[in-house]
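Protein chains: 2
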Amino acid sequence: MVQKLIEEITKKNAPVVAGLDPMLSYVPEHIQKKAFDESGETLEGAAEAIWQFNKGIIDAIYDLVPAVKPQIAMYEQFGVPGVAVFQKTVDYCKEKGLVVIGDVKRGDIGSTSAAYAAGHLGKVQVGNSICSAFDEDFITVNPYLGSDGINPFLDICNKEDKGIFILVKTSNPSSGEFQDKVFEGKPLYGLVAEKVAEWGAQCMDGSYSNVGCVIGATYPGMGKVLRKMLPHNYILVPGYGAQGGTAKDLKPYFNEDGLGAIINSSRGIIAAYKQEKYQKFGGQGYADASRQAVIDMIEDINSIF
Amino acid sequence: MVQKLIEEITKKNAPVVAGLDPMLSYVPEHIQKKAFDESGETLEGAAEAIWQFNKGIIDAIYDLVPAVKPQIAMYEQFGVPGVAVFQKTVDYCKEKGLVVIGDVKRGDIGSTSAAYAAGHLGKVQVGNSICSAFDEDFITVNPYLGSDGINPFLDICNKEDKGIFILVKTSNPSSGEFQDKVFEGKPLYGLVAEKVAEWGAQCMDGSYSNVGCVIGATYPGMGKVLRKMLPHNYILVPGYGAQGGTAKDLKPYFNEDGLGAIINSSRGIIAAYKQEKYQKFGGQGYADASRQAVIDMIEDINSIF
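Here the protein sequences line up with chains A and B, keeping their order. With my numbering, the residue at position 255 of the first sequence is 255, and numbering never jumps. Count along the second sequence from 1, add 1000, and you get the number used in my numbering.
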C-alpha cells in the first residue's frame, strides 16, 4: 500500500494529505441550514451537513492531493449517523482515487486489536460470506499496549496490502509528558521508534514499509533524529499550519530521495475560507478556498526541495 | 458517577463487571441462523446476531451485576451496523439500570479528545439543539498523548458527572514493553499513575474520583503498589478468568473498605456455555450459563474478603 501512496504523491508532486476533520463550526451557514431543514437539528442533521461539506471539498481537491486523513472522532461525536458519514467519506474518497488514512488511533490487547484491524483494514467472516467494513487504506495506531497489540495489524497489512502509522511523537504541547521521558538513555518515543523499525521490517513493500509512524511537525529536532532511525518508514506529519509547524521545519522529515514523509493539514485546508487570506471566497466558495489553500500548501512544501 | 457505581456494587454485593465483547463465534448457532435468515450473511446480519445474543445475556444477568463493559472493537469490526448495535446495547443496559463502561480506549490531541469526550460521555450542539450520542457512563482512555489529551475528558466528567478509566498497566503479555520501562527509578506505568492521581484529584465524587485506572489482574504485584499510590481512584481490573488472573490475585486491588476495584470478566461470562463446566446448558441455554457463571464469579471474588 505504501507504494500506491508513493505513486500518488509522485504523480501529483504533492507530499501532502488533507485532514478531513470537520467541526460543525467549519460548515458554512447555507450547508448547515439545508441539512437542518431536511433532517432537523439532530445527529442526522449534523452528519448530513458534514457529508455535504466534505463532498464539496473532496470534489474540489481530489485531483491535487494524493491522500486524505479523516479523523474519526469528528464523526463519532455525532454517534451512529456520524460514523455512517465517516464510512461514506471513506468510500467516496476511494472512488475518487485517493489514498485514505483513517485517523483512528486504535490499539488494544491482541484479540481486540485483531477486531479493529479486521474492521478498519481487513475483512470479517459472516457465516460463509466475507464482508468489508470501513476498509480504509491506512490507519493510525497507538503503541501503548506493546507488540501483541500491534501484531494483528501487521498480519492484516501483509494479508490485505494495507498500512498503519504508529504514534511515535505526537504534535500536541504535552506530548512530552510521557513520550520524552528518558529510559536507560533513550526517550520513550525513541523506544517506540526502535519497535517501529522492527515491526516495519516485517511489512516491506518495495524500499519502504507498510508500517509508518506519526511524528509532529512541531518537533523538528526529533523529526531529524527519528528520520535517521527509520529510513524505510514513511512519516505522517501532523501539526503543519494551524498547530504552528512551518515548511522550513519539514525538510528533516524527508529522505534524500524526496520521499519518506507526507504532511497533513486539516483546518488550514478545510476551514481555509475562514482565514483572512482566503476570505474573499466566502462561505459559498468554501470549497474553492480549500482548493487554493491546497495549491498554496503544495507550493510551500515543495519550496524546501 | 463513581458514587453510582459504588452504590450498585454495594447493593448487588458484586464488585464485578460483565464484559460484553461478543465474537460471532460465541453466538449460538440458532441465533446466528435466525439473524442470517432475516438479514443475510452481511454486516447487518452479524450485527443483528450480536444484538440478540447480548440481549439474552443482559436479560439474564442485569439483576446480578452492577455494570457492563462493552468493548467497541467487537462492534466496530462490523462497520456501521455493528456500531449501531453498540449504541443499542449501551441504551438497553442503561434502561436496565446498569452502569455502562464503554471500553473504547480513545485518546488524541486536545480538540480531537474533546470530540471523543462529547460523543461518548457528553453532548453535542447541533444548531440550537443539544444532542447526546453514545452517552456511556464511563469510558476507558489511553494516556500516551499526555495531559492535553486527557483534560477534555476531565472537563466532561465534571460537567456531566461521568467517569473515565485511564490505562495504566494493561493485562496483556507484552504490556511491559513500554509500560515497565524505568525512568529515574520509576516505571512508565508509575508515571502514568502519578498523573492519574493528579487528574483524579480534579474530579472527586465523594471519597473516590470519577477518574479511575485500568490495571490488569495478571500483574498483582504491580496492582499492590499502584493501589497504595492511588487510594481514591477506582481500579478497573481486566484479565480475571480467561486471561489467567485468579481471585487470590485480586485482594491487593481493593482498599481496606472493600471498595476501590471492579473486576471484569468477558469470555468467562458471555461464552460460559462453551466451557466444560457449563456445557450442560448448551447453546439454547447460553444465557442461563452466563447467569450461572456470574453467580460463581461473584462467589469466587467475594471469597477473598
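Cβ atoms here follow ideal geometry from the backbone N, Cα and C, with glycine treated the same way.
Asked: Short check: CB of A:Tyr253 to CB of A:Ala261, under 8 Å?; Found: yes
Asked: So, helix, strand or coil for B:Asn1158, using DSSP?; Found: helix
Asked: To the nearest angstrom, how far is the alpha carbon of B:Pro1220 from that of B:Glu1256?; Found: 16 Å
Asked: For the region 85–128 of chain A, list the beta strand (DSSP E) runs that are entirely contained and at least 3 residues long, ordered along the chain.; Found: 99–106, 123–126
Asked: From the DSSP secondary-structure annotation, give me the bridge partner or partners of B:Cys1203.; Found: DSSP, once it has assigned bridges, lists no residue as partnering B:Cys1203.
Asked: What residue range does the beta strand (DSSP E) around B:Ala1018 cover?; Found: 1016–1020
Asked: DSSP three-state call for B:Phe1138: helix, strand or coil?; Found: strand
Asked: If contacts are defined as beta-carbon pairs under 8 Å, then A:Asp148 and A:Gly110 qualify, I think. What distance do you get, rounded to the angstrom?; Found: 5 Å
Asked: Taking 8 Å as the cut-off, decide whether the C-beta atoms of B:Val1104 and B:Ile1072 are in contact.; Found: yes
Asked: Take A:Thr89 as the anchor and find which of A:Leu64, A:Gly45, A:Asp59, A:Trp199 has the nearest alpha-carbon.; Found: A:Asp59
Asked: Does any CB atom of chain A fall closer than 8 Å to the CB of B:Glu1007?; Found: no
Asked: Out of A:Glu276, A:Glu177, A:Gly79, state which residue places its alpha-carbon closest to the alpha-carbon of B:Ile1150.; Found: A:Glu177
Asked: Starting from B:Tyr1208, follow the beta strand (DSSP E) in both directions and report where the run begins and ends.; Found: 1208–1215
Asked: What are the boundary residues of the alpha helix (DSSP H) that includes A:Pro220?; Found: 220–229
Asked: Whole angstroms are fine: how far does the CA of A:Leu145 sit from the CA of B:Asn1172?; Found: 8 Å
Asked: So the candidates are B:Lys1123, B:Met1074, B:Phe1153, B:Ala1201; which of them puts its Cα closest to the Cα of B:Ser1132?; Found: B:Lys1123
Asked: How many whole angstroms separate the CB atoms of B:Ile1298 and B:Ala1014, which I take to be in contact at a CB cut-off of 8 Å?; Found: 5 Å
Asked: So what's B:Tyr1240 in DSSP terms, helix, strand or just coil?; Found: strand
Asked: In three-state DSSP terms, what is A:Leu145?; Found: coil
Asked: If we count the other Cβ atoms within 10 Å of its Cβ and call it buried at 16 or more, is A:Gly223 buried or exposed?; Found: buried
Asked: If contact is defined by three or more beta carbon pairs under 8 Å, each pair taking one atom from either stretch, is the region 283–299 of chain A in contact with the region 1035–1050 of chain B?; Found: no
Asked: With a cut-off of 8 Å on the beta carbons, I'd call B:Val1085 and B:Ile1050 a contact; round off their distance for me.; Found: 6 Å
Asked: On the CB-based measure, 16 or more other CB atoms within 10 Å of its CB, does B:Lys1169 come out buried or exposed?; Found: buried
Asked: The beta strand (DSSP E) with A:Asn172 in it runs from where to where?; Found: Per DSSP, A:Asn172 belongs to no beta strand (DSSP E) and is neither H nor E.
Asked: Counting contacts by CB-CB distance shorter than 8 Å, is A:Gln275 in contact with chain B?; Found: no
Asked: I need the straight-line Cα distance from A:Gly258 to A:Ser303, nearest angstrom please.; Found: 12 Å
Asked: Compare the Cα-Cα distances from B:Gln1052 to each of B:Ala1035, B:Gln1003, B:Leu1020, B:Lys1094 and report the closest residue.; Found: B:Ala1035
Asked: Rounding to the nearest angstrom, what Cα-Cα distance links B:Ile1263 and B:Tyr1240 in this structure?; Found: 7 Å
Asked: Grouping DSSP H, G and I as helix and E and B as strand, with all else coil, what is B:Ile1262?; Found: strand
Asked: Taking the DSSP output, what are the residues bridged to B:Val1027?; Found: Its beta-bridge partners do not exist; DSSP assigns none.
Asked: Kindly indicate if chain A contains any beta-carbon less than 8 Å away from that of B:Phe1053.; Found: no
Asked: Using a Cβ-Cβ cut-off of 8 Å (strictly less than) and excluding sequence neighbours within five positions of A:Asn158, which residues of its own chain qualify?; Found: Gln202, Cys203, Asn210
Asked: Only counting the same chain, and skipping five residues up and downstream in sequence, which positions put a Cβ closer than 6 Å to that of A:Glu48?; Found: Ala35, Ser39
Asked: What does B:Ile1109 touch in chain A if you count any residue whose Cβ is under 7 Å from its own?; Found: Thr170, Ser171, Asn172
Asked: Quick one: any contact between the region 179–186 of chain A and the region 24–33 of chain A, if contact means 3 or more CB pairs under 8 Å?; Found: no
Asked: Please compile the residues from chain B whose C-beta is within a distance smaller than 7 Å of the C-beta of A:Met74.; Found: Ala1115
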